[in-house]
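What follows is a single structure, written as structure tokens, with notes after it.
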Amino acid sequence: MGDMKQSQLFTKTKKESPADEVSLNAELLIKAGFINKEMAGVYSYLPLGLRVINKIENIIREEMNAIGGQEVTLASLQEKATWEPTDQWDDKNVDIWFKTKLKNDTEVGLAWSHEAVLTKLMKEFISSYRDLPKYVYQFQTKFRNETRAKSGIMRTREFVMKDLYSFCKDEEEHNKFYEKAKEAYKTIFKRAGIGHLTYLTSASGGVFAKFSHEFQTITSTGEDTIYVDENKGIAINKEVYNDEVIESLGLSKETLVENRSAEVGNIFTLNTRFSDALELVYQTESGDRKSVFMGSYGIGPARLMGTVVEVLSDSKGIIWPESIAPFKVHLLALGEDGNVHEEADKLYNNLIAQGVEVLFDDRHDVNAGEKFADADLIGVPYRVVVSKRSLADGGYEIKKRTEEGGKIVNTDQLLIELKNV
RNA sequence: CGGGGUGUGGUGUAACGGCUAACAUUCCUGUUUUGGGAACAGGCGACUCCGGGUUCGAAUCCCGGCACCCCGACCA
7 MGDMKQSQLF
17 TKTKKESPAD
27 EVSLNAELLI
37 KAGFINKEMA
47 GVYSYLPLGL
57 RVINKIENII
67 REEMNAIGGQ
77 EVTLASLQEK
87 ATWEPTDQWD
97 DKNVDIWFKT
107 KLKNDTEVGL
117 AWSHEAVLTK
127 LMKEFISSYR
137 DLPKYVYQFQ
147 TKFRNETRAK
157 SGIMRTREFV
167 MKDLYSFCKD
177 EEEHNKFYEK
187 AKEAYKTIFK
197 RAGIGHLTYL
207 TSASGGVFAK
217 FSHEFQTITS
227 TGEDTIYVDE
237 NKGIAINKEV
247 YNDEVIESLG
257 LSKETLVENR
267 SAEVGNIFTL
277 NTRFSDALEL
287 VYQTESGDRK
297 SVFMGSYGIG
307 PARLMGTVVE
317 VLSDSKGIIW
327 PESIAPFKVH
337 LLALGEDGNV
347 HEEADKLYNN
357 LIAQGVEVLF
367 DDRHDVNAGE
377 KFADADLIGV
387 PYRVVVSKRS
397 LADGGYEIKK
407 RTEEGGKIVN
417 TDQLLIELKN
427 V
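In this note's numbering, the protein residues as written are 7 to 427.
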């Protein structure tokens, strides 16, 4: 489905900003009709928003497949037994559980992460060094009972995460994949339009490892503080910012600049913590039993979407990068003169036939100003206007969302314009 | 979880303890208009978050609850 008539779209734009949202991402996404707030930290995704999420997921999917990832969907409803071997069922160790009970009083929980789940599953299939390495990922909802949801869709209690887990024979094999994953992540953020603002950042490894790596996007509204080396393109999270770390990364304090940033991705080495606890072992060539060496790699598509909005919008609305925009073209039919709507309709069908994703503002009795305002707010990369004036000038007006003025083109020129970018 | 703030038509706001809770927007009817949220006329839409209390009288004051936002802590 590459097309949509705005007269049929059930969502509408709002003139007023919601009073209960301060963050820019939620304000714009709600005003433009991409998302709806259900409760604090819980949002629904509407047609426009879902299109963006799907675009983001497809980019991630392509890059995960390119490094050997195999996609699955793991269950959200979890039994206690899966989590007990790693002591993660205990509320003292994990305080973000949503737990409930079956009719027969059996305790179950909603998964807030999936490494234990998948590790247990992989025991069914990994028994030999011949079975390794393997890389498994999914897009699945995580439920986290955060004490405080905040910043619109940046930190929520229910969110989809792409989480990939790597299963390797040993640390050496793992490190090779880890580096490939880093590159894949860089590619993802570049393709999503925020590569120039996103830095590979050394961070604390949490309970699993000494270090982890985050992908941090510079934005004043971010939750984190990082120190960026612009030339080397890497950064250090404030939480591990000290002389030892600076030196180990070959950096120097003089070239590091402090910035606020938002974490858009996180990769870390799990080592054998889960495979030890859940006994995910394989037999080596010489017949020894050895624990599988694991890693974890996460990206939240919605948070990525929110970050893009934070970073790329202007006073009029959102500015989507073409790669993740809900549509490539926003076609506007202005006025009721003569054959404007007839011509616009013709162009609409022509664009569809050419495989161009187009949102067609075919609404009658809506002023030009309102259509322009909607187009700016929704933020589709190309605006194409069909009006009495444009037709008199010999065609359609095409204007990029990022530019002020447009130009008049005929059908052929328009298609060329839209194809070669 | 500590601290601060806010709850009024769908949305955004106003209202000294005192008339039928006001205005804008959205929406509906009609007329007019059509390149930057245009104009006019008419209309629909609210147990003022919930429950108690004070008072002749509560959107307004008090108590309790719930919800939302912000700062901090947390973020495997």
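Glycine residues also receive a C-beta, built at the ideal position from the N, C-alpha and C atoms.
Once DSSP output is grouped into helix, strand and coil, what is the label at residue i?
i      : result
Ser396 : helix
Val270 : strand
Ala209 : strand
Thr17  : coil
Glu22  : coil
Ala81  : coil
Looking at the secondary structure, which residues open and close the alpha helix (DSSP H) in which residue i lies?
i      : result
Asn71  : Pro53 to Ala72
Tyr184 : Glu177 to Arg197
Glu90  : No alpha helix (DSSP H) contains Glu90, which DSSP labels as neither H nor E.
Phe145 : Per DSSP, Phe145 belongs to no alpha helix (DSSP H); it is in the beta strand (DSSP E), Lys140 to Phe149.
Asp235 : Counting along the chain, Asp235 falls outside any alpha helix (DSSP H), though it belongs to the beta strand (DSSP E) covering Asp230 to Asp235.
Gly312 : Pro307 to Leu318
State the Cα-Cα distance for the pair residue i and residue j, rounded to the nearest angstrom.
i      : j      : result
Lys168 : Ser329 : 18 Å
Gly411 : Ile62  : 29 Å
Asn345 : Ala81  : 54 Å
Thr193 : Ile59  : 17 Å
Leu353 : Thr417 : 8 Å
Lys129 : Ala381 : 52 Å
Gly75  : Ile132 : 16 Å
Leu127 : Met70  : 20 Å
Gly301 : Glu403 : 51 Å
Ile358 : Gly323 : 26 Å
Thr19  : Val123 : 41 Å
Pro387 : Glu409 : 10 Å
Lys98  : Glu152 : 15 Å
Val234 : Thr261 : 8 Å
Lys37  : Val392 : 25 Å
Leu255 : Asp96  : 37 Å
Asn265 : Ser172 : 31 Å
Could you name the residues of the same chain whose beta carbon sits closer than 6 Å to that of residue i, not counting the 5 residues immediately before and after it, in chain order?
i      : result
Ser297 : Thr278, Ser281, Asp282 and Val287
Lys175 : Tyr135 and Leu138
Thr204 : Phe195, Phe221 and Thr223
Ser50  : Asn42 and Glu44
Got a sec? Which residues, its chain only, sit under 8 Å from residue i by beta carbon, not counting five neighbours each side?
i      : result
Val114 : Leu83, Gln84, Glu85, Lys86, Lys105, Thr106, Lys107 and Leu108
Phe149 : Ser82, Phe104, Leu116, Ala117, Trp118, Arg163 and Glu164
Is residue i near the ligand COA, going by C-beta to nearest heavy atom under 7 Å?
i      : result
Gly400 : The model depicted lacks the ligand COA and carries no ligand whatsoever.
Got a sec? Which residues, its chain only, sit under 7 Å from residue i by beta carbon, not counting five neighbours each side?
i      : result
Val251 : Ser208 and Ile242
How would you write the range of the beta strand (DSSP E) that residue i sits in, first residue to last?
i      : result
His219 : Phe217 to Ile224
Ala331 : Run containing Ala331: none; DSSP gives neither H nor E here.
Arg295 : Arg295 to Ser297
Leu116 : Glu113 to Leu116
Would you check if there are 3 or more beta carbon pairs closer than 8 Å linking the stretch 87–95 to the stretch 31–43? no
Under 8 Å: do the stretch 363–379 and the stretch 310–320 share three or more Cβ pairs, one atom per stretch? no
May I ask you to verify whether the stretch 214–225 touches the stretch 233–253, counting CB pairs closer than 8 Å and requiring at least 3? yes
Inter-stretch contact (C-beta, 8 Å, three-pair minimum) for the stretch 21–32 and the stretch 152–171: yes
Can you find at least 3 beta carbon pairs, one from the stretch 174–189 and one from the stretch 323–342, that sit closer than 8 Å? no
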